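In the working numbering, the protein residues as written are 4 to 445.
Virtual Cβ for every residue (Gly too), placed ideally from N, Cα, C.
Every value quoted in this text rests on a predicted model; they were computed, and no experiment measured them.
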Ligand code: XLS
Ligand code: CA
Ligand code: CA
C-alpha cells in the first residue's frame, strides 16, 4: 500500500527499549518486548492495546467547557475523509509506540450515517480501510465493540430498552461490529452495557430488562459460533455512570447474570481498574474473582482518582497497585486472548501530540515494570507458600471429610463436642506480608 500520509505523529520515531539508565523521555526503560519471562516474551504476556476513542476521539470537552484538544481530523468538512485522516494518524501512533494491538467502537472509526443502513455502510467502508492499513502494520486488533450508548436513541438502554425497535437496532449494529471484528482478526469482542441499567424503579420493569439483556447476549454467542469467530465474547462490568444502577455492576453481579441466562461458559470479562474502584473494590479483587469463576478475559488498565468519584480514565501510575493486579493475573493463569488495554485519556490541558505519546510510554513502562515485579513474586513463591501454610489444616482427612460432604452437620457437631474443640486464633500476619511486598519492588 502507499506510504502513510503525514500525520501529527510523523515527526516521532518508534519508541525503543533503552534500559533503566536511559535519559531519553521517549524510551522504554522496562518494556523489553522480546525479554523472556516465565517462558515467553513480555510482549505476549502483556499484549498492550491503544484505544481509538480516547486517543483520537477525546476533545477535552467537559460539562463546564468546550473542546481543548484540536486534531486535524476533527476539522475535516467531510466526515468520511475525517475518518480516514483519523485512521492514518492512529496507525502512525501505533507505529511510534510499537503497539501490538488496538481497540475500537464502530463510532470511533466511522461517523454515524443518516440512518441505520448508511451507518452500517460507512462501518464496512472504514473496516476495509483499516484492513488495508493493517497489512503494512504490525498492530492487530485486541477487540472491537459497538457504541450502543451515546446516541439519544439509546438513552433508555440498548438491549434493555422498553422499545423492541431499539433492541433490534442494537442487534443489527452489534452483528455488523462482530463481522468487522472477525474481518480484522480481532482477538475478542467486548460488550460494555453503557446504558443497560436504570434511573428509577418507578418507570422500570427490572425482570423484563434483565431477560432482554440475557436474550441479547445469547444471540451474540450464537452468532459468534455461526460465523466461526474464534475470539472470546467479553462483558465489561461497571457499577454506575452513566446510569445510577447498572446491571453489570461488578464481576460477582455479572457472574450471577451469566449463570441465570446459561452464559457462564460462553462469556468472559473485560475488567477495568477504574470500574473496580467505582464498585468499591480493588482492581486485584475483581481480577481474582473473575479468575475464581473462570471468567478472566482481558483488562482495561485505566485508573480512577481516589479524590474524585467518577470514571476519570487515567493512565496507570501506581507501581504497587499494578503489581498486585499483575500478580493476580499470573495466579489466575494469565490473560489468554486478552491483553492490557489503555482505555485511558490524557488530561484536558494535555493538548499536544506528544502528550499522548508520553502518556502511553509511561503506562506501558509502568505495566511492564509491575509485571516483572509480579513475575518475581510469583516465581519465588514466598507469598503463595504463606497462603498455602495458612490453609494447610484443610488438607487433613478430617477437614476433607467435612468439605466433601461426607459428614452431616450433626456428625460434625458431635465430633466437635467429643473433642471439646477450642481452636487457637492465629495471626494473619498482614503487616509482615505487606512489608515483604513493599521491600521487594524494584
Ligand atoms: C466506559 C467503558 C467503555 C468500554 C468500551 O466507561 O470503559 O469505554 O471499555 O465500550
Ligand atoms: Ca471507563
Ligand atoms: Ca473500559
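Please determine whether the Cβ atom of residue 193 lies at a distance below 7 Å from any heavy atom of ligand 1. Taking the chain shown and counting its residues from 1, the one referred to as residue 193 is at position 190. True, at least one ligand heavy atom lies under 7 Å from that Cβ.
Cutoff 7 Å; reference residue 153; Cβ partners in own chain excluding five residues on either side: Looking up residue 153 in the chain shown gives position 150. Taken in chain order, the residues that qualify are 110.
Starting from residue 64, trace the beta strand (DSSP E) in both directions and tell me its first and last residue. The sequence position of residue 64 within the chain shown is 61, counting from 1. Looking at the DSSP string, residue 64 is not in any beta strand (DSSP E), and its letter there is neither H nor E.
Who are the near neighbours of residue 343 in its chain, counting only those whose CB is closer than 6 Å to its CB and skipping five residues on each side? In the chain shown, residue 343 corresponds to position 340, counting from 1. Answer for residue 343: 49, 51, 302, 304 and 370, listed in chain order.
What residues match up with residue 44 in a beta bridge as DSSP calls it? Here residue 44 refers to the residue found at position 41 of the chain shown. In the DSSP output, where bridge partners are listed per residue, residue 44 has 39.
For residue 377, the three-state DSSP class (helix, strand or coil): Sequence index remark: in the chain shown, residue 377 carries index 374 (1-based). DSSP places residue 377 in helix when its eight states are reduced to three.
Given this structure, state the Cα-to-Cα distance separating residue 88 from residue 29, to the nearest angstrom. In the chain shown, residue 88 corresponds to position 85, counting from 1. In the chain shown, residue 29 corresponds to position 26, counting from 1. Their Cα atoms are separated by approximately 25 Å.
Along the alpha helix (DSSP H) that carries residue 182, what are the first and last residues, could you check? The residue you call residue 182 lines up with position 179 of the chain shown. It spans 167 to 186 - the alpha helix (DSSP H) in which residue 182 sits, taken as one unbroken run.
Have a look at residue 94 and residue 124 and give me their C-alpha separation to the nearest angstrom. Counting from 1 along the chain shown, the entry for residue 94 is found at position 91. Counting from 1 along the chain shown, the entry for residue 124 is found at position 121. Each residue's Cα considered, the two are about 22 Å apart.
Per-residue DSSP class, three states only, for residue 397: Indexing the chain shown from 1 puts residue 397 at position 394. In this structure, residue 397 counts as helix in the three-state DSSP scheme.
With H, G and I counted as helix, E and B as strand and the rest as coil, what does DSSP make of residue 347? Along the chain shown, one-based indexing puts residue 347 at 344. Three-state result, residue 347: coil.
What do you reckon, is the C-beta of residue 346 under 7 Å from a heavy atom of ligand 3? For this step, residue 346 is matched to residue 343 along the chain shown. Checking the Cβ of residue 346 against ligand 3 gives yes.
If I measure Cβ to Cβ from residue 281 and keep anything under 6 Å in the same chain, skipping five residues before and after, which residues do I get? Residue 281 sits at position 278 when you count from the first residue of the chain shown. Closer than 6 Å at Cβ, skipping near neighbours: 242.
With 16 other CB atoms within 10 Å as the buried threshold, where does residue 426 fall? If you number the chain shown from 1, residue 426 lands on position 423. Under this definition residue 426 is an exposed residue.
Measuring only the C-alpha atoms, how far is residue 104 from residue 61? Taking the chain shown and counting its residues from 1, the one referred to as residue 104 is at position 101. Taking the chain shown and counting its residues from 1, the one referred to as residue 61 is at position 58. Between residue 104 and residue 61, the C-alpha separation is close to 19 Å.
When the Cα of residue 400 is compared with those of 240, 410, 434 and 278, which residue comes out closest? Locating residue 400 in the chain shown gives position 397, counting from the first residue. Checking every option, the nearest Cα to that of residue 400 belongs to 410.
Just verifying my parser: in three-state terms, what is the DSSP assignment at residue 275? What you label residue 275 is simply residue 272 of the chain shown in a count that begins at 1. Correct three-state label for residue 275: strand.
Mind checking who residue 192 pairs with in its DSSP beta bridge? What you label residue 192 is simply residue 189 of the chain shown in a count that begins at 1. In DSSP, residue 192 forms a bridge with 147 and 236.
Between the CA atoms of residue 381 and residue 47 - distance to the nearest angstrom: The count along the chain shown starts at 1 and reaches residue 47 at position 44. The count along the chain shown starts at 1 and reaches residue 381 at position 378. The alpha-carbon atoms of residue 47 and residue 381 are separated by roughly 17 Å.
Leaving out the 5 sequence neighbours to the left and right, which residues in its chain are closer than 6 Å to residue 362 when beta-carbon positions are compared? Mapped onto the chain shown, residue 362 falls at position 359. Closer than 6 Å at Cβ, skipping near neighbours: 318 and 349.
For residue 1, which residues in the same chain have their Cβ closer than 6 Å to its Cβ, ignoring the five residues on either side in sequence? Within the shown structure, residues of the chain are numbered from 4 to 445, placing residue 1 beyond reach of any answer.
Check each candidate in 116, 148, 102 and 151 and name the one with the smallest Cα separation from residue 137. In the chain shown, counting from the first residue as 1, residue 137 sits at position 134. When each option's Cα is compared against that of residue 137, the closest is 102.
Same chain, Cβ closer than 7 Å to residue 4, neighbours up to 5 away in sequence not counted: Position 1 of the chain shown, counted from the start, is the residue given in the question as residue 4. Unreliable placement is indicated for residue 4, whose pLDDT of 44 sits below 50; no coordinate value is reported for it.
If you measure from the CB of residue 248, is any heavy atom of ligand 2 nearer than 7 Å? Here residue 248 is taken as the residue at index 245 of the chain shown, counted from 1. Outside the cutoff, so no.
Using the C-alpha atoms, what's the distance from residue 276 back to residue 309? Translated into positions along the chain shown, residue 309 becomes position 306. Translated into positions along the chain shown, residue 276 becomes position 273. Distance between the alpha carbons of residue 309 and residue 276: 12 Å.
From the DSSP output, in three-state form, read off residue 139 for me. Here residue 139 refers to the residue found at position 136 of the chain shown. Correct three-state label for residue 139: coil.
The stretch 10 to 25 in contact with the stretch 61 to 70 per 3-pair CB rule at 8 Å: no
What are the boundary residues of the alpha helix (DSSP H) that residue 112 is part of? Indexing the chain shown from 1 puts residue 112 at position 109. Per DSSP, residue 112 belongs to the alpha helix (DSSP H) from 109 to 112.
Report, in whole angstroms, the separation of the C-beta atoms of residue 347 and residue 57, which I expect to be a contact under 8 Å. For the purposes of this step, residue 347 is identified with residue 344 of the chain shown, where counting begins at 1. For the purposes of this step, residue 57 is identified with residue 54 of the chain shown, where counting begins at 1. Yes, they are in contact, since the Cβ atoms of residue 347 and residue 57 sit about 6 Å apart, within 8 Å.
Cβ distance (whole Å) where residue 367 is taken to contact residue 31 below 8 Å: In the chain shown, residue 367 corresponds to position 364, counting from 1. In the chain shown, residue 31 corresponds to position 28, counting from 1. Confirmed, about 7 Å.
Hey, how far is the Cα of residue 238 from the Cα of residue 422? Looking up residue 238 in the chain shown gives position 235. Looking up residue 422 in the chain shown gives position 419. Approximately 49 Å, taken between the alpha carbons.
Is the stretch 284 to 300 touching the stretch 249 to 269, taking contact as three or more C-beta pairs under 8 Å? yes
Please report the distance separating the alpha-carbon of residue 229 from that of residue 147. Residue numbering aside, residue 229 sits at position 226 when the chain shown is read from its first letter. Residue numbering aside, residue 147 sits at position 144 when the chain shown is read from its first letter. Distance between the alpha carbons of residue 229 and residue 147: 18 Å.
Based on the DSSP secondary-structure assignment, which residues constitute the bridge partners of residue 52? One-based indexing of the chain shown puts residue 52 at position 49. Its beta-bridge partners are 104 and 344.
Taking residue 217 as part of the alpha helix (DSSP H), name the residues at either end of that continuous run. Residue mapping note: residue 217 aligns to position 214 of the chain shown, counting from 1. Segment 209 to 230, the alpha helix (DSSP H) holding residue 217.
Thinking just about the alpha-carbon of each residue, which of 196, 208, 235 and 430 is nearest to the one in residue 188? Locating residue 188 in the chain shown gives position 185, counting from the first residue. When only C-alpha atoms are compared, the closest one is 235.
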